Amino acid sequence: MKKYQLAELTSILETRLFGNENVTPSWKVAIYYALNLSAGNNLVIQWTKHKQWNIDHQYRGQKSVLKNKDNVVTEVEIKKINNDSIKIIYKIYGEQACINLERQHFDSVLWRKKVKGYNSLLVNKTERDWIFDEFLLQSNVIKTTSRSEKYEALSKLLMPIRRVYRKLNIDIQKRYIETVIGAAIFYLPQSRQNFSGFASIGAIKQYLTKGNLVK
Numbered sequence: 021m022k023k024y025q026l027a028e029l030t031s032i033l034e035t036r037l038f039g040n041e042n043v044t045p046s047w048k049v050a051i052y053y054a055l056n057l058s059a060g061n062n063l064v065i066q067w068t069k070h071k072q073w074n075i076d077h078q079y080r081g082q083k084s085v086l087k088n089k090d091n092v093v094t095e096v097e098i099k100k101i102n103n104d105s106i107k108i109i110y111k112i113y114g115e116q117a118c119i120n121l122e123r124q125h126f127d128s129v130l131w132r133k134k135v136k137g138y139n140s141l142l143v144n145k146t147e148r149d150w151i152f153d154e155f156l157l158q159s160n161v162i163k164t165t166s167r168s169e170k171y172e173a174l175s176k177l178l179m180p181i182r183r184v185y186r187k188l189n190i191d192i193q194k195r196y197i198e199t200v201i202g203a204a205i206f207y208l209p210q211s212r213q214n215f216s217g218f219a220s221i222g223a224i225k226q227y228l229t230k231g232n233l234v235k
């Protein structure tokens with residue numbers, strides 16, 4: 021399994037485990053590190069001259085690769101093997117695969133590596149157990165959907181809103197709806213599959229007059 025695929029699997033698992041909670045970035049990287057160990061990738065953890073941990077930089081770099089990929093990892097499910105081991109079943113480009121993740125894959129290097137004046141890199145032992153126990157709690161019930169389903173959800177939301185929007189004659193209400201939908205579009209995952217590359221005449225006119233379009 022390639023590292024950018026492990027990065028996407030990490031992102032899916034992190035979302036399902038912690039939802040919209042304010043997750044410490046180091047937890048995400050800890051999961052990414054553990055998945056790499058499980059896949060046979062021995063990552064060296066170092067503090068760089070840029071005052072950041074190299075594995076954190078690597079994880080963010082692999083996630084950026086996903087911007088040019090479409091639905092790499094989908095249909096993820098967690099199955100409990102025992103209290104110290106789980107099996108993660110998923111589809112990668114439509115083909116089913118699996119990876120075993122063990123508590124020990126959250127290696128002690130995660131809390132041994134420290135830099136004077138900075139916090140430890142990822143997690144302490146208590147956090148490690150908390151994260152893994154969350155995997156156990158969610159086992160046999162998690163089944164993620166592909167990124168494209170976010171687009172489907174937004175499409176379903178737009179149908180009734182469109183009728184309401186057309187009936188409005190108060191500008192401030194219409195502008196508010198435009199802002200809300202614009203924010204929803206902004207936070208959609210990058211995927212060439214779900215963007216046609218075309219722009220409406222209205223959007224082009226707005227760009228020519230204001231030049232402030234993001235997507």
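Our numbering numbers the first residue of the sequence shown as 21 and each following residue consecutively.
The C-beta atom is built at its ideal place from N, Cα and C for all residues, glycine as well.
As the structure is a prediction and not an experimental result, all values here were calculated from the model.
Straight-line CA distance for Lys87 to Val129?
-> For Lys87 and Val129, the gap between their C-alpha atoms comes out near 30 Å.
Looking at Ile51 and Thr19, is the spacing between their C-beta atoms short of 8 Å?
-> With the chain covering only 21 through 235, there is no way to say anything about residue 19.
Take every Cβ of the stretch 115 to 129, pair it with every Cβ of the stretch 150 to 160, and state whether three or more of those distances are shorter than 8 Å.
-> By the criterion of at least three beta-carbon pairs nearer than 8 Å, the stretch 115 to 129 is in contact with the stretch 150 to 160.
Closer than 8 Å by C-beta to Tyr24: which residues in its own chain qualify, once you throw out the five before and the five after it? Chain order, please.
-> Only Gln82, Lys83, Val85, Leu86, Lys89, Val92 meet the Cβ criterion.
Bridge partner(s) assigned by DSSP for Ile205 | Ile205 is not bridged to any residue.
Give the secondary structure of Val92 by DSSP, where H, G and I count as helix, E and B as strand, and everything else as coil.
-> Three-state DSSP puts Val92 in coil, outside helix and strand.
Within 10 angstroms of its Cβ, does Ala27 collect 16 or more other Cβ (buried), or is it exposed?
-> Classified as buried, Ala27 has 16 or more neighbouring CB atoms from the shown chains inside 10 Å of its CB.
Could you tell me whether the Cβ atoms of Ile119 and Ile112 are closer together than 8 Å?
-> Not in contact: Ile119 and Ile112 (Cβ atoms no closer than 8 Å).
Which value, in whole angstroms, describes the spacing of the CA atoms of Ile224 and Leu37?
-> Their backbone Cα atoms lie some 40 Å apart in a straight line.
Can you grab the Cα-Cα spacing for the pair Arg195 / Lys48, in whole Å?
-> Cα to Cα, the separation comes out at about 36 Å.
Pick from Ile75, Asn103, Arg148 that is closest to Asn61, judged by C-alpha positions | When only C-alpha atoms are compared, the closest one is Ile75.
Asn56: buried (16+ other C-beta within 10 angstroms of its C-beta) or exposed?
-> Asn56 is buried by the Cβ-count criterion.
Over what stretch of residues does the beta strand (DSSP E) that includes Asn120 continue unbroken?
-> Looking at the DSSP string, the run of the beta strand (DSSP E) that includes Asn120 is 115 to 122.
Leu233 versus Lys99: straight-line alpha-carbon distance, rounded | Low per-residue confidence applies at Leu233: pLDDT is 48, beneath 50, and the placement is therefore not dependable, though the value from the model is reported in the following sentence. Cα to Cα, Leu233 sits roughly 44 Å from Lys99.
Where Tyr227 falls, given that 16 or more other Cβ within 10 Å makes a residue buried = Exposed, since its Cβ has fewer than 16 Cβ neighbours within 10 Å.
Segments of 4+ residues assigned as alpha helix (DSSP H) that fall wholly inside the stretch 35 to 92 = Runs found: 45 to 58, 74 to 85.
Between which two residues does the alpha helix (DSSP H) containing Lys134 stretch?
-> No alpha helix (DSSP H) holds Lys134; DSSP gives it neither H nor E.
Could you check which residue in Asn144, Lys145, Val184, Ser46 has the C-alpha nearest to that of Arg80?
-> Selected option, being the one with the closest Cα: Ser46.
Cα-Cα separation between Asp191 and Ala173, rounded to whole angstroms | Take the alpha-carbon of Asp191 and the one of Ala173: they are about 26 Å apart.
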